[in-house]
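The structure appears right after this line, and notes come after that.
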Amino acid sequence: MAMTHYMELLAVNQPWNLILFMAIPVILAETVAITELFILFNRQCSGLLRKINKVASIVGGVYFLGVFVYLMNAAVIPLTMSGQWRGPADVIAVGFYLSGIIPLLGMALLDLKLIGKQRDEEAKLKLHATFVAIFLVVAHVAMIFGMLDPTLLMSSPSSQAMPPHSMH
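Residue numbers (UniProt numbering): 1 to 168.
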């Protein structure tokens with residue numbers, strides 16, 4: 001079975017690519033998500049959980065910025081220029097994975113006080129939680145499409161026509 005570039009990236013150079021491109025970003029993002037729930041539930045804008053949340057948010061955003069820049073230069077641009085994408089599922093998986101930069105960097109910038117300066121604490125909490133939710137959605141879409149056989153979403157006239165004997 002063929003695999004998407006997303007899955008191939010995680011499968012080669014074991015265990016390092018899995019750690020660098022999946023484990024580190026996901027552990028940091030899940031740390032933010034879990035601590036975010038407690039912060040939102042208790043409305044705690046200070047304390048140990050908020051510090052863990054803030055550190056994981058900033059480190060996650062900065063780290064994923066490095067991943068984003070690296071993969072754009074090492075994979076996305078070369079694959080696009082050479083026409084080596086393996087179909088729509090491949091593009092969707094990689095595209096959604098890399099779009100994680102938007103919420104991850106957004107959280108980091110918010111926690112570094114580079115955006116949202118005019119917002120009160122409640123509005124900052126809501127924006128931060130929105131970034132967490134966006135990340136969870138894009139990461140899961142990337143994983144789902146990344147696990148597909150990339151040829152599954154490709155259309156070809158021969159695969160769409162039903163053979164006459166199958167109509168019985």
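Glycine included, every Cβ here is placed at the ideal spot set by N, Cα and C.
Please state the DSSP three-state secondary structure of residue i.
i, result
"residue 16", "helix"
"residue 80", "helix"
"residue 154", "coil"
"residue 2", "coil"
"residue 48", "helix"
"residue 37", "helix"
"residue 136", "helix"
"residue 9", "helix"
"residue 148", "coil"
Can you say whether residue i is buried or exposed, counting buried as having 16 or more other CB atoms within 10 angstroms of its CB?
i, result
"residue 25", "buried"
"residue 140", "exposed"
"residue 41", "exposed"
"residue 94", "buried"
"residue 157", "Note that residue 157 scores a pLDDT of 47, beneath 50, so its modelled location is shaky and nothing firm can be said."
"residue 10", "buried"
"residue 19", "exposed"
"residue 159", "Residue placement at residue 159 cannot be trusted, given a pLDDT of 44 that sits under 50; the coordinates are not used to answer."
Can you grab the Cα-Cα spacing for the pair residue i / residue j, in whole Å?
i, j, result
"residue 81", "residue 92", "17 Å"
"residue 14", "residue 29", "22 Å"
"residue 33", "residue 132", "6 Å"
"residue 87", "residue 48", "45 Å"
"residue 225", "residue 98", "Any property of residue 225 remains undetermined from this structure, which presents the chain solely from 1 to 168."
"residue 113", "residue 8", "37 Å"
"residue 1", "residue 85", "16 Å"
"residue 31", "residue 124", "18 Å"
"residue 122", "residue 44", "11 Å"
"residue 74", "residue 67", "10 Å"
"residue 16", "residue 137", "25 Å"
"residue 153", "residue 89", "6 Å"
"residue 52", "residue 79", "37 Å"
"residue 106", "residue 37", "18 Å"
"residue 6", "residue 77", "14 Å"
"residue 46", "residue 103", "22 Å"
"residue 27", "residue 35", "12 Å"
"residue 129", "residue 12", "34 Å"
| Contiguous alpha helix (DSSP H) assignments of at least 4 residues, all confined to the stretch 55–125 | List check, alpha helix (DSSP H) in window: 77–82, 88–99, 101–111.
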